[in-house]
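Visitor: Sharing a structure below in structure tokens format, with a few things to ask.
In the working numbering, the protein residues as written are 78 to 378.
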């Protein structure tokens with residue numbers, strides 16, 4: 078990948094590529110100004126940590142009018158030459174990028190179903206959220222898939238750079254962009270990208286048992302404290318209606334205890350009535366005479 082080269086150097090590079098009829102994949106020329114000066118002997122402008130070539134060199138460029146983001150080859154965007162596979166630190170395939178954890182990204186080059194050697198420049202955006210192992214100087218979010226080497230038949234057909242997401246990546250989209258080339262299809266640069274949604278605080282992936290549960294130990298700010306349960310009300314809440322159960326066989330009820338009968342109130346004492354005096358015995362009547370003597374006057378006596 079050539080740097081944004083101006084003037085005679087650009088014309089020389091365009092002519093060189095036209096003669097070679099293939100693209101020279103050398104990412105360092107794009108991002109390393111000092112190296113571009115040394116390798117090509119021209120003046121190069123430094124690029125920022127997320128920048129990729131956006132246009133190809135034109136006839137005007139070859140005549141000395143430099144395009145602001147020129148590149149010495151045509152560019153194919155959304156190229157199917159490049160494929161991405163996100164891996165965990167343990168090389169397990171995953172679809173989730175977890176904040177605070179280390180990941181790997183397998184970048185493979187293929188043409189017509191056949192693996193082909195390829196090199197490229199990979200960046201992660203936004204810039205502070207990802208840091209690559211073996212990143213380019215001054216840009217932790219950028220990695221050179223080729224290093225000091227340019228493309229040759231012994232170049233690998235796949236690369237697996239390692240990166241760690243910062244805790245601040247939580248809840249943000251992560252854009253991984255690649256510009257690469259292979260010498261199997263002529264003077265063509267290929268660009269492809271992968272966008273990942275990084276789960277944020279409260280996401281199910283960050284819950285216990287979720288795909289990013291391990292993030293909670295690294296990023297304590299992502300821990301969601303359980304809501305405090307309200308203090309119980311002094312009033313008892315009604316218990317749920319019990320499910321109807323078969324009524325048990327009625328058991329004979331115990332006979333009620335006989336209530337003590339009220340004791341009979343004592344009969345009132347009869348007041349002794351004053352005794353009547355017995356009447357004096359009657360005198361027996363004198364015995365009747367069977368006959369009465371008559372008086373001389375003829376009357377009974």
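Backbone N, C-alpha and C define an ideal beta-carbon position, used for all residues, glycine too.
All values reported here derive from a predicted model rather than from experimental measurement.
#1: Taking residue 223 as the reference, give the member of 204, 205 and 255 with the closest Cα.
#2: DSSP three-state label for residue 291, please.
#3: Please go through the same chain and pick out, in chain order, the residues whose beta-carbon is closer than 7 Å to the beta-carbon of residue 206, but skip the five residues on each side of it.
#4: Go ahead and pull the three-state DSSP assignment for residue 128.
#5: Below 8 Å on the Cβ atoms is my contact criterion, and I expect residue 174 with residue 239 to pass it. Report the Cβ-Cβ distance as a whole number of Å.
#6: Among 192, 185 and 204, which residue has its Cα nearest to the Cα of residue 268?
#7: Tell me whether residue 169 sits in a helix, a strand or coil according to DSSP, three-state version.
#8: Touching or not, the stretch 178-195 and the stretch 156-164, by the rule of three or more beta carbon pairs under 8 Å?
#9: Could you give the first and the last residue of the continuous beta strand (DSSP E) run that contains residue 251?
#10: So within the stretch 178-202, which uninterrupted alpha helix (DSSP H) runs reach at least 4 residues, ignoring any that extend past its ends?
#11: Tell me which residues share the same chain as residue 214 and place their Cβ nearer than 7 Å to its Cβ, disregarding the 5 neighbours each side in the sequence.
#12: Assuming residue 126 and residue 200 make a contact with CB atoms under 8 Å, what is their CB distance in whole Å?
#13: Within the same chain, show all residues whose beta-carbon is closer than 8 Å to that of residue 219, passing over the 5 residues directly before and after it, in chain order.
#14: Could you spell out where the beta strand (DSSP E) holding residue 218 opens and where it closes?
#15: Of the residues 290, 129, 232 and 162, which one's Cα is nearest the Cα of residue 272?
#16: In the DSSP assignment, what residue or residues form a beta bridge with residue 174?
#17: Between 228, 277 and 284, which has its C-alpha nearest residue 257's C-alpha?
#18: Buried or exposed: where does residue 154 fall if 16 or more other Cβ atoms within 10 Å of its Cβ makes it buried?
#19: Identify which residue in 262, 169, 177 and 130 has its Cα closest to the Cα of residue 283.
#20: Residue 218: beta carbon under 8 Å from a heavy atom of the ligand FMN?
#21: Apply the 10 Å Cβ neighbour rule to residue 260 and answer buried if 16 or more other Cβ atoms are within range, or exposed otherwise.
#22: Using a Cβ-Cβ cut-off of 8 Å (strictly less than) and excluding sequence neighbours within five positions of residue 289, which residues of its own chain qualify?
#23: Going by beta-carbon coordinates alone, are residue 232 and residue 196 separated by less than 9 Å?
#24: Look at the Cβ atom of residue 203, then the Cβ atom of residue 230, and state whether they are nearer than 9 Å.
#25: With respect to the beta strand (DSSP E) encompassing residue 151, which residues constitute its N-terminal and C-terminal limits?
#26: Just the Cα atoms here: how many angstroms apart are residue 278 and residue 253?
Guide: Reading from the atomic positions:
#1: Locating residue 223 in the chain shown gives position 146, counting from the first residue. That would be 255, whose Cα lies nearest to the Cα of residue 223.
#2: Sequence index remark: in the chain shown, residue 291 carries index 214 (1-based). Reduced to three states, the DSSP call for residue 291 is coil.
#3: Residue 206 sits at position 129 when you count from the first residue of the chain shown. The residues are 242, 243, 245, 246, 249 and 251.
#4: Residue mapping note: residue 128 aligns to position 51 of the chain shown, counting from 1. Residue 128 falls in the coil class under three-state DSSP.
#5: By one-based count along the chain shown, residue 174 stands at place 97. By one-based count along the chain shown, residue 239 stands at place 162. That pair is no contact at about 13 Å.
#6: If you number the chain shown from 1, residue 268 lands on position 191. For the residues 192, 185 and 204, the minimum Cα distance to residue 268 belongs to 185.
#7: Counting from one through the chain shown, the residue named residue 169 turns up at place 92. Here residue 169 sits in coil by DSSP.
#8: yes
#9: Within the chain shown, the letter at position 174 stands for residue 251. Run containing residue 251: 250-258, per the beta strand (DSSP E) assignment.
#10: none
#11: Taking the chain shown and counting its residues from 1, the one referred to as residue 214 is at position 137. Excluding sequence neighbours, residue 214 sits near nothing in its chain.
#12: For the purposes of this step, residue 126 is identified with residue 49 of the chain shown, where counting begins at 1. For the purposes of this step, residue 200 is identified with residue 123 of the chain shown, where counting begins at 1. Yes, residue 126 and residue 200 are in contact; Cβ-Cβ is about 7 Å, under 8 Å.
#13: Here residue 219 refers to the residue found at position 142 of the chain shown. Result list for residue 219: 108, 126, 127, 198, 199, 200, 201, 209, 212 and 213, in chain order.
#14: In the chain shown, counting from the first residue as 1, residue 218 sits at position 141. Residue 218 -> beta strand (DSSP E) spans 216-222.
#15: The residue labelled residue 272 in the question sits at position 195 within the chain shown. The candidate whose alpha carbon is nearest that of residue 272 is 162.
#16: Sequence index remark: in the chain shown, residue 174 carries index 97 (1-based). According to DSSP, which records beta bridges pairwise, residue 174 is partnered with nothing at all.
#17: Stepping through the chain shown from its first residue, residue 257 is reached at position 180. Comparing Cα positions, the closest option is 228.
#18: Taking the first residue of the chain shown as 1, we reach residue 154 at position 77. That one is exposed.
#19: Position 206 of the chain shown, counting from 1, holds the residue named residue 283. For the set 262, 169, 177 and 130, the Cα lying nearest the Cα of residue 283 is the one of 177.
#20: This structure lacks the ligand FMN; in fact it carries no ligand of any kind.
#21: As a first step, residue 260 must be located in the chain shown, where it is residue number 183. With 16 or more other Cβ atoms within 10 Å, it is buried.
#22: On the chain shown, residue 289 is found 212 positions in, with the first residue counted as 1. Here the set comprises 173, 175, 176, 178, 276, 280, 282 and 283.
#23: As a first step, residue 232 must be located in the chain shown, where it is residue number 155. As a first step, residue 196 must be located in the chain shown, where it is residue number 119. Yes; because the gap between Cβ atoms is below 9 Å, this pair is in contact.
#24: Residue 203 sits at position 126 when you count from the first residue of the chain shown. Residue 230 sits at position 153 when you count from the first residue of the chain shown. No, these two residues do not count as a Cβ contact at 9 Å.
#25: Residue mapping note: residue 151 aligns to position 74 of the chain shown, counting from 1. Segment 151-153, the beta strand (DSSP E) holding residue 151.
#26: Walking along the chain shown from the start, residue 278 turns up at place 201. Walking along the chain shown from the start, residue 253 turns up at place 176. Taking the straight line from one Cα to the other gives about 22 Å.
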